[in-house]
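Following our numbering, the residues of the sequence shown are numbered contiguously, the last one being 270. Virtual Cβ for every residue (Gly too), placed ideally from N, Cα, C. These figures come from a predicted structure and were not determined experimentally.
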Amino acid sequence: MIHPQAIIEPGAVIGENVSIGPWTYIASNVVIGDDCEISSHVVINGPTRIGKANRIFQFASIGEDCQDLKYAGEPTELIIGDNNTFRESCTVHRGTIQDNSLTQIGSNNLFMAYTHVAHDCIVGSNCIFANNASIAGHVHVGDYAIIGGMVGVHQFCHIGAHSFIAGNALILKDVPAYVMASGQPAKPFGLNSEGLKRRGFDKETILTIKRAYKVVYRQGLSVDEALTAISEMPAQSPELQLFCDSIKESNRGIIR
15 MIHPQAIIEP GAVIGENVSI GPWTYIASNV VIGDDCEISS HVVINGPTRI GKANRIFQFA
75 SIGEDCQDLK YAGEPTELII GDNNTFRESC TVHRGTIQDN SLTQIGSNNL FMAYTHVAHD
135 CIVGSNCIFA NNASIAGHVH VGDYAIIGGM VGVHQFCHIG AHSFIAGNAL ILKDVPAYVM
195 ASGQPAKPFG LNSEGLKRRG FDKETILTIK RAYKVVYRQG LSVDEALTAI SEMPAQSPEL
255 QLFCDSIKES NRGIIR
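Spelled out as structure tokens, the structure:
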């Protein structure tokens, strides 16, 4: 399963049933879980820990030193979960000591060709990054978020769970959970209702979130006033709380 022309440094830990193609380089401080498929011409540096059943396509660079000029070679880490796909020329960098020294990616994500995950980013699970989508340092992306092709996300922004970012958008502020965003700079364009239906949200829950969205974006209220109004709505739920929390916890301010 490991091609004789692959270079695996002593100390690297390779799980069971892992395939590694020719001219791939794996550094000594890398751990790769069972059932991973790594194509040819891949570079995996570290410290990096990769879970089970990940697929990494040719010319991807995983776990490399970050591009932050403040980085001076300090020991930092990349942790990747299970069942992710990294397509051609995808780049993922480790963290910096200016944050938590960690870049982390969950499970079941798809990173299409030429996508970039910068230092100190935290990406949840079940996300899709379309071709050439790039997130700058310290960006957090919630579960089930979809980031369209050619999207650029400014450093320190948060992309809420179940949100949808249209192609070519420029994200300069936080995108709350469930919200669709488009434009340069990005503006809100309603809820990702179709995505919520596909994920099993019932009609009443979606309707409640829509009402909360209108309070934030249609009534001319400040963020604090809108959150107070939402807290007084009769139909409270964990799904609605997720929407509110993604607004409350924003440091850069939300797109409006």
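Between N145 and G120, the C-beta gap is not smaller than 8 angstroms, which leaves the two residues out of contact. Counting only runs of at least 3 residues, the region 74 to 141 fully encloses the following beta strand (DSSP E) elements, listed from N- to C-terminal order: 75 to 78, 91 to 94, 105 to 107, 116 to 119. Using a 10 angstroms sphere on the CB of A240, the tally of other CB atoms reaches 16 or more, which defines it as buried.
Here DSSP, grouped into helix, strand and coil, assigns A200 to coil.
Around the beta carbon of A249, a 10 Å sphere encloses fewer than 16 other beta carbons of the protein chains shown; the residue is thus reported as exposed. Within the same chain, Cβ atoms closer than 7 angstroms to the Cβ of A67 are found at D49, C50, D96, N97, the five residues on either side in sequence being excluded.
Setting aside the 5 residues that flank it on each side, A183 is surrounded in the same chain by G162, V165, A195, S196, G197, Q198, A200, each with a C-beta closer than 7 angstroms to its C-beta; the list follows chain order. In chain order, E91, G109 place their CB closer than 6 angstroms to the CB of L116, counting only its own chain and leaving out the 5 sequence neighbours on each side. In the three-state scheme derived from DSSP, where H, G and I count as helix and E and B as strand, S33 is classed as strand. By the C-beta density criterion, A150 is buried, having at least 16 other C-beta atoms within 10 angstroms. DSSP places I269 in the coil class of the three-state scheme, outside both helix and strand.
In the displayed model, L235 falls within coil according to three-state DSSP, outside both helix and strand. Pairing S264 with D157 gives a Cβ-Cβ distance that is not under 8 angstroms. Under a 10 Å Cβ-count criterion, N31 is classified as exposed, with fewer than 16 other Cβ atoms of the shown protein chains found around its own Cβ.
Ranked by Cα distance from I58, the first of F100, R213, H172, Y85 is F100.
Counting of Cβ neighbours within 10 angstroms places D238 among the exposed residues, the total staying below 16. Bridge partners of D188 according to DSSP: I268.
In summary, Q19 is exposed, with fewer than 16 beta-carbon neighbours lying within 10 Å of its beta-carbon over all protein chains present.
The criterion of a C-beta distance shorter than 8 angstroms is not satisfied by Q112 and I93.
Around the CB of M247, fewer than 16 other CB atoms lie within 10 Å, so the residue is classed as exposed.
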